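Novice: Residue numbers (my numbering): 382 to 565.
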Amino acid sequence: MKNKKGFTLIELLTVIAIMGILATLGMGGYKVVMPRVRAMQSKVQFQDYIQAMQKFKAEYGYYPFVKNGEDYQFSLNGMVSTEDFVKTLSGKNPRTGKNVKFGGNYKALTFYEFKDSEFEKEGAKRIVDAFGNPNIWIVVDTDDNGLIKKNKLPGVERDVRAKIVIYTKTEGNSDWVQVKTWED
382 MKNKKGFTLI
392 ELLTVIAIMG
402 ILATLGMGGY
412 KVVMPRVRAM
422 QSKVQFQDYI
432 QAMQKFKAEY
442 GYYPFVKNGE
452 DYQFSLNGMV
462 STEDFVKTLS
472 GKNPRTGKNV
482 KFGGNYKALT
492 FYEFKDSEFE
502 KEGAKRIVDA
512 FGNPNIWIVV
522 DTDDNGLIKK
532 NKLPGVERDV
542 RAKIVIYTKT
552 EGNSDWVQVK
562 TWED
């Protein structure tokens with residue numbers, strides 16, 4: 382009997398094939414799990430914005446960026462600029478880092494500390510969700526009845542019980558997932 386030293390070609394090819402199969406399965410799992418992780422990160426980010434706006438209202442008696450009337454809807458990076466949103470809720474100028482009285486936050490209080498991960502890496506430096514989507518919409522219940530009207534929300538068949546909701550529009554980008562802060 383011969384004493385074997387090393388692997389035969391068949392054994393080596395078998396190991397490589399098994400590793401390839403495992404890698405393929407792992408990548409498939411990654412593609413399924415990562416969108417869910419990003420959606421959850423975005424939802425937490427949006428809940429933090431809601432809490433900051435509620436703290437603002439507790440301090441000043443009104444929501445920032447809101448006009449009175451029926452449920453008020455506005456887009457970040459559009460109707461309200463990233464810079465205005467950051468200055469109002471953080472009490473700091475994002476360019477200088479210095480305290481600033483802005484958007485009704487006349488005491489320059491910090492209601493929220495923004496993180497670098499919440500902004501585009503390049504370009505306009507807009508606020509984005511975890512997918513990189515800047516199409517973020519906020520709807521505020523201005524009549525304080527605790528309901529957001531269904532006509533203010535995409536694809537919703539009933540009014541939503543909330544004071545503030547946030548959602549994203551995906552506008553046909555297959556890499557983005559719609560994120561919303563309410564349950565259907």
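Just so you know, even glycine gets a beta-carbon here, dropped at the ideal spot from N, CA and C.
As the structure is a computational prediction, the values presented were derived from the model and not from experiment.
Can you tell me the Cβ-Cβ gap for L457 and I519, rounded? I've got them flagged as a contact below 8 Å.
Specialist: Their Cβ separation, rounded to whole angstroms, is 7 Å, which keeps L457 and I519 in contact under 8 Å.
Novice: Checking 9 Å against the spacing of the C-beta atoms, do D510 and Q432 come in under that value?
Specialist: Not closer than 9 Å, so no.
Novice: Quick one, which of T491, V560, Y430, I397 has its alpha-carbon nearest E440's?
Specialist: For the residues T491, V560, Y430, I397, the minimum Cα distance to E440 belongs to T491.
Novice: Name the two residues that bound the continuous beta strand (DSSP E) containing V537.
Specialist: Per DSSP, V537 belongs to no beta strand (DSSP E) and is neither H nor E.
Novice: If you check the beta carbons only, do L470 and Y453 fall under 9 Å apart?
Specialist: Taking 9 Å as the Cβ cut-off, L470 and Y453 do not qualify as a contacting pair.
Novice: Could you pull out every residue in the same chain whose Cβ sits closer than 7 Å to the Cβ of F466, ignoring the five residues on either side in sequence?
Specialist: Answer for F466: L457, I508, listed in chain order.
Novice: Excluding five sequence neighbours on each side, which residues of the same chain lie with their C-beta closer than 7 Å to the C-beta of G472?
Specialist: Here the set comprises N480, V481, N486, A489, L490, T491.
Novice: How would you write the range of the beta strand (DSSP E) that F483 sits in, first residue to last?
Specialist: Premise fails: F483 is in no beta strand (DSSP E) and is neither H nor E.
Novice: Going by DSSP in three states, Q559 sits in which element: helix, strand or coil?
Specialist: Here Q559 sits in coil by DSSP.
Novice: On a Cα-Cα basis, can you pick out the residue from M400, K424, G484 that is closest to E564?
Specialist: Ranking the options by Cα distance to E564, first place goes to K424.
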